[in-house]
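Q:
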Amino acid sequence: MTPFIAEIIGTALLMLLGIGVNANVTLNKTYGQGSGWIVITTGWAFAVYVGVVVAAPHSGAHLNPAVSIGLAVANKFDWNLVPIYILAQFIGAMLGALLIWITHKDHFDVTVDGDSKRGVFCTGPAIPNTTINLFNEILGTFVLVFTVLYFTDAIISDSATIIGLGSLGALPVALLVWAIGISLGGTTGYAINPARDLGPRIVHALLPLKNKGNMGWGYAWIPVVGPIIGASLAALLGLVLA
1 MTPFIAEIIG TALLMLLGIG VNANVTLNKT YGQGSGWIVI TTGWAFAVYV GVVVAAPHSG
61 AHLNPAVSIG LAVANKFDWN LVPIYILAQF IGAMLGALLI WITHKDHFDV TVDGDSKRGV
121 FCTGPAIPNT TINLFNEILG TFVLVFTVLY FTDAIISDSA TIIGLGSLGA LPVALLVWAI
181 GISLGGTTGY AINPARDLGP RIVHALLPLK NKGNMGWGYA WIPVVGPIIG ASLAALLGLV
241 LA
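In this text, residue positions in the sequence shown follow our numbering: the first is 1, and each later residue adds one.
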């Protein structure tokens, strides 16, 4: 398990379960249809947990180009590794999206609305407003990366010995993503991850879906640029406050 493979598998698991909850809530004739925003945000939080558990021991479990860039800006990650991590994250995101199309193909076929189908794969604004939509993606990712920079290891206080938490060490980032989704995600769908949005969006464009509808390319730059800006700002502030 190299860091490259770990980022592919971790991101694929993240997308499999995250896009999977989107499909379960949105598509016709699933048992979870219409179960709502709390189910979606909870599903994405658990998806993050699973992806981080698998990838963390081998790659640090970035699973997100904005996180890789933010950590590099904060001098906590080697810039030379950023491109290979981003490539792995996009491969994983597209693989996870493809698997959900396979598992839910019958439900895609019986869902008529094209926007609903696209919404399984990628985000979109509840109210289109380029400036505010961009700001919301910047803010959500800022909260994500800034908080990650302040995660601490458990230690034995008397000796300052760092102790591991095993798989429970992935829980804080899952709770963080859950909080962002519940509190800030209702405006744009909280991509907060360029690979999470653009990778599945490309898969959606390539798949032979019936009634595919509008591809949403006019909005697609916002979930890419916004998270990168937000992560970079969080890293820079972290450097100033260090």
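Note that the Cβ used here is the ideal one computed from N, Cα and C, for glycine as well. From a predicted model like this one, the values you see are computed outputs, not experimental measurements.
Taking 8 Å as the limit between beta carbons, can you name the residues of its chain near Gly213, skipping five residues before and five after?
A: Asp113, Gly114, Asp115, Lys117 and Arg118, listed in sequence order.
Q: Please go through the stretch 17-79 and give each complete alpha helix (DSSP H) segment of 4 or more residues, from N-terminal end onward.
A: Within the stretch 17-79, the complete alpha helix (DSSP H) runs of at least 4 residues are 37-59 and 65-73.
Q: Cα-Cα, which of Pro65, Leu98 and Thr103 is closest to Leu87?
A: For the residues Pro65, Leu98 and Thr103, the minimum Cα distance to Leu87 belongs to Pro65.
Q: Could you check whether the stretch 209-229 touches the stretch 133-145, counting it as contact only if at least three pairs of C-beta atoms, one from each stretch, sit closer than 8 Å?
A: These segments touch.
Q: Beta-carbon separation of Met15 and Gly70 under 8 Å?
A: No. Outside cutoff.
Q: When you compare only the Cα positions, how much space is there between Leu98 and Ile202?
A: The alpha-carbon atoms of Leu98 and Ile202 are separated by roughly 10 Å.
Q: Closest by CA to Gln33, which one among Leu63, Phe108 and Ala235?
A: Here the closest residue by C-alpha is Phe108.
Q: Check whether the stretch 45-53 touches the stretch 13-30, taking contact to mean three or more Cβ pairs, one atom from each stretch, closer than 8 Å.
A: The stretch 45-53 vs the stretch 13-30: in contact.
Q: Could you check if Trp44 is buried or exposed, using at least 16 other CB atoms within 10 Å of its CB as the buried criterion?
A: Trp44 should be labelled buried.
Q: Output needed for Phe151: all residues of its chain with C-beta closer than 7 Å, excluding positions within five of it in sequence on either side, in chain order.
A: Same-chain partners within the cutoff: Pro172.
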